[in-house]
Amino acid sequence: MKLDDLFLRYFGTDDLDAVSPAVLQAGAERLRVEFGLERDRGRRFGMWALMQMLGVAPDLDVAFKNAADRDAARTLMEMQERAEE
């Protein structure tokens, strides 16, 4: 799953800086809905990672039933925090 493909699918562009707030909100809502329906663990993780970047990700205990997936998500969150410092 490529990040640019997710941007195109949910926001119609690979440049999120060019997206209006309304388009961003609508795309995030579509992403949340499809995340809830997705059963493939890898795709779910990629979708959650994008939601995390956008600040709309569900809590880990809600998003992932598998402990390994929650651990991977925590690792991603820690990496994002370190990158921001």
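Numbering (this note's numbering), first residue to last: -6 to 78.
Cβ coordinates follow ideal geometry from the N, Cα and C atoms, glycine included.
Since the structure is predicted, the reported quantities are computational estimates derived from the model, not experimental observations.
Under the assumption that LEU24 contacts MET46 (Cβ atoms under 8 Å), give the Cβ distance between them as a whole number of angstroms.
Going by Cβ atoms, the distance from LEU24 to MET46 rounds to 11 Å, so no, they are not a contact pair.
Can you look up VAL16 in the DSSP assignment and give me helix, strand or coil?
helix
Could you tell me the alpha carbon to alpha carbon distance between LEU(-1) and ARG37, rounded to whole angstroms?
12 Å
Which runs of the alpha helix (DSSP H), 4 residues or longer, sit entirely within the segment 9 to 56?
14 to 30, 34 to 47 and 53 to 56
Considering only the beta carbon of each residue, do ARG39 and MET(-6) sit closer than 8 Å?
The sequence as given places Gly at residue 39; Arg does not occur at that position. Yes, these two residues count as a Cβ contact at 8 Å.
ASP(-3), enclosing alpha helix (DSSP H) - first and last residue:
-4 to 4
Starting from GLU78, trace the alpha helix (DSSP H) in both directions and tell me its first and last residue.
From DSSP, GLU78 is part of no alpha helix (DSSP H); its letter is neither H nor E.
Exposed or buried, LEU35, counting other C-beta atoms within 10 Å across all chains shown (16 or more means buried)?
It is Gly, not Leu, that sits at residue 35 in the sequence shown. Result: exposed.
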